[in-house]
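Residue numbers (UniProt numbering): 1 to 278.
See the structure below:
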């Protein structure tokens with residue numbers, strides 16, 4: 001008998017071991033999977049995955065990174081989908097659709113998917129998720145004069161807003177850069193995720209941007225200031241781009257970002273990809 005349900009706290013180790021076994025190309029060890037399912041932003045009793053069992057045997061998982069996020073509409077709960085896998089014995093039987101139906105069933109939670117495999121796109125669309133973003137803006141290193149960059153913004157104290165302090169505090173200890181850039185128009189606070197997606201360069205992806213119009217006015221000089229090497233780019237999802245911004249390049253995602261309809265207005269929401277930072 002096939003059962004699909006939210007994983008309970010006592011199953012965390014089994015779920016982490018399953019993920020470690022099936023995702024053979026992952027760039028982290030069992031410790032990374034344990035951190036992924038630990039429920040960092042929702043507490044030890046919170047939801048962290050959906051499981052599929054056949055007569056008790058674990059056959060599939062869908063990781064869910066729950067978090068409370070401060071948005072223009074107030075505090076909202078999000079759940080980012082990650083590490084979705086069903087063993088071959090159960091594929092083609094509608095299991096994926098049922099997992100998605102459960103994941104999107106809570107009217108108080110906005111489900112997102114920032115790193116879907118192409119094969120899963122049709123399942124996301126059938127579940128009612130819509131395209132959140134399909135391209136990123138890119139800036140290259142340059143010889144422009146550099147702004148002063150603070151690598152520890154929390155040390156600036158009251159110069160940061162309460163929201164910025166909360167965001168940076170929530171994401172300590174992850175593979176992120178927390179930055180505050182001194183521009184002529186004020187402090188530009190951002191959280192950046194460096195990752196080597198290509199052999200030629202490192203992508204420094206902006207995961208949080210406190211002041212979008214300020215960044216737009218100084219984007220090229222900010223890029224020149226924060227990129228630590230020549231073989232690097234600074235990347236910003238299109239939805240975070242204020243009017244008048246001028247990138248060096250625009251590049252399409254291999255698969256779009258997806259978001260559940262209706263609960264948040266995406267351009268104003270605070271969006272992260274926490275599963276990529278474990």
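We put the CB at the ideal spot given by N, CA and C, even for glycine. Quantities reported herein were computed from a predicted structural model and do not represent experimental measurements.
Distance between beta carbons of residue 204 and residue 194, contact taken as under 8 angstroms:
If you number the chain shown from 1, residue 194 lands on position 194. If you number the chain shown from 1, residue 204 lands on position 204. Confirmed, about 5 angstroms.
Excluding the 5 residues preceding and the 5 following residue 156 in the sequence, name in chain order all residues of the same chain whose CB lies nearer than 8 angstroms to its CB.
Along the chain shown, one-based indexing puts residue 156 at 156. Result list for residue 156: 150, 180 and 187, in chain order.
Please determine, among 30, 31 and 46, the residue with the shortest C-alpha to C-alpha distance to residue 7.
By 1-based counting over the chain shown, the position of residue 7 is 7. Checking every option, the nearest Cα to that of residue 7 belongs to 46.
Three-way DSSP call (helix, strand, coil) for residue 276 in this model
Indexing the chain shown from 1 puts residue 276 at position 276. Interpretation of residue 276 is limited by its pLDDT of 41, a score under 50 that renders its predicted location unreliable; the figure taken from the coordinates is listed afterwards. In the structure shown, residue 276 sits in a helix (DSSP, three-state: H, G or I).
Within 8 angstroms, strictly: CB atoms of residue 222 and residue 191
Here residue 222 refers to the residue found at position 222 of the chain shown. Here residue 191 refers to the residue found at position 191 of the chain shown. Contact flag unset, no.
Throw me the rounded Cβ distance for the residue 52 and residue 79 pair, which I believe falls under 8 angstroms.
Here the question's residue 52 lines up with position 52 in the chain shown. Here the question's residue 79 lines up with position 79 in the chain shown. Between residue 52 and residue 79, the beta carbon gap of about 18 angstroms keeps them out of contact (Cβ cut-off 8 angstroms).
According to DSSP, what are the bridge partners of residue 259?
Here residue 259 is taken as the residue at index 259 of the chain shown, counted from 1. DSSP lists 112 and 130 as partners of residue 259.
What's the C-alpha gap between residue 251 and residue 28?
Working through the chain shown from its first residue, we reach residue 251 at position 251. Working through the chain shown from its first residue, we reach residue 28 at position 28. Straight-line Cα distance between these residues: approximately 27 angstroms.
Where residue 171 sits in the DSSP three-state scheme
Here residue 171 refers to the residue found at position 171 of the chain shown. Residue 171 falls in the coil class under three-state DSSP.
If you draw a straight line from the C-alpha of residue 126 to the C-alpha of residue 66, how long is it?
Working through the chain shown from its first residue, we reach residue 126 at position 126. Working through the chain shown from its first residue, we reach residue 66 at position 66. The alpha-carbon atoms of residue 126 and residue 66 are separated by roughly 22 angstroms.
Once you ignore the five residues that flank residue 212 on each side, which residues in its own chain have a CB closer than 8 angstroms to its CB?
Within the chain shown, the letter at position 212 stands for residue 212. Around residue 212: 240, 241 and 242.
At a cut-off of 7 angstroms, is residue 122 close to the ligand MG when judged by its beta-carbon and the heavy atoms of the ligand?
This structure does not include the ligand MG; it has no bound ligands of any sort.
Taking the DSSP output, what are the residues bridged to residue 85?
If you number the chain shown from 1, residue 85 lands on position 85. DSSP, once it has assigned bridges, lists 61 as partnering residue 85.
Please determine if the segment 58-65 and the segment 95-107 are in contact, where contact requires at least 3 C-beta pairs separated by less than 8 angstroms.
yes
Give the C-beta separation of residue 18 and residue 113 to the nearest angstrom, bearing in mind that I take them to be a contact with Cβ-Cβ under 8 angstroms.
On the chain shown, residue 18 is found 18 positions in, with the first residue counted as 1. On the chain shown, residue 113 is found 113 positions in, with the first residue counted as 1. Actually they do not touch by this definition, with Cβ atoms about 20 angstroms apart.
Bridge-paired residues (DSSP) for residue 70:
One-based indexing of the chain shown puts residue 70 at position 70. For residue 70, which the question treats as bridged, DSSP gives the partners 75.
Give the DSSP bridge partners of residue 235, in chain order.
Taking the first residue of the chain shown as position 1, residue 235 is located at position 235. Answer by DSSP bridge pairing, in chain order: 138 and 205.
What residue from 225, 176 and 161 has the CA that sits closest to residue 143's CA?
Within the chain shown, numbered from 1, the residue matching residue 143 stands at position 143. Residue 143 has its Cα closest to that of 225, out of 225, 176 and 161.
Report the three-state DSSP secondary structure of residue 19 (helix, strand or coil).
Within the chain shown, the letter at position 19 stands for residue 19. Note: residue 19 maps to helix in three-state DSSP.
Have a look at 81, 44 and 69 and flag the residue whose alpha-carbon is nearest the alpha-carbon of residue 164.
In the chain shown, the residue the question calls residue 164 occupies position 164. Nearest option by C-alpha distance: 69.
Helix, strand or coil at residue 195 [DSSP, three-state]
Start at 1 with the first residue of the chain shown, and residue 195 comes out as number 195. Residue 195 falls in the strand class under three-state DSSP.
Euclidean distance between Cα positions of residue 134 and residue 249:
On the chain shown, residue 134 is found 134 positions in, with the first residue counted as 1. On the chain shown, residue 249 is found 249 positions in, with the first residue counted as 1. Going from the Cα of residue 134 to the Cα of residue 249 covers about 14 angstroms.
Would you kindly work out how many angstroms separate the C-alpha atoms of residue 215 and residue 185, rounded to a whole number?
Taking the first residue of the chain shown as 1, we reach residue 215 at position 215. Taking the first residue of the chain shown as 1, we reach residue 185 at position 185. Whole-angstrom Cα-Cα distance: 10 angstroms.
Within 8 angstroms, strictly: CB atoms of residue 124 and residue 116:
The count along the chain shown starts at 1 and reaches residue 124 at position 124. The count along the chain shown starts at 1 and reaches residue 116 at position 116. Yes. Within cutoff.
Where residue 256 falls, given that 16 or more other Cβ within 10 Å makes a residue buried:
In the chain shown, counting from the first residue as 1, residue 256 sits at position 256. Answer is buried; the Cβ neighbour count reaches 16.
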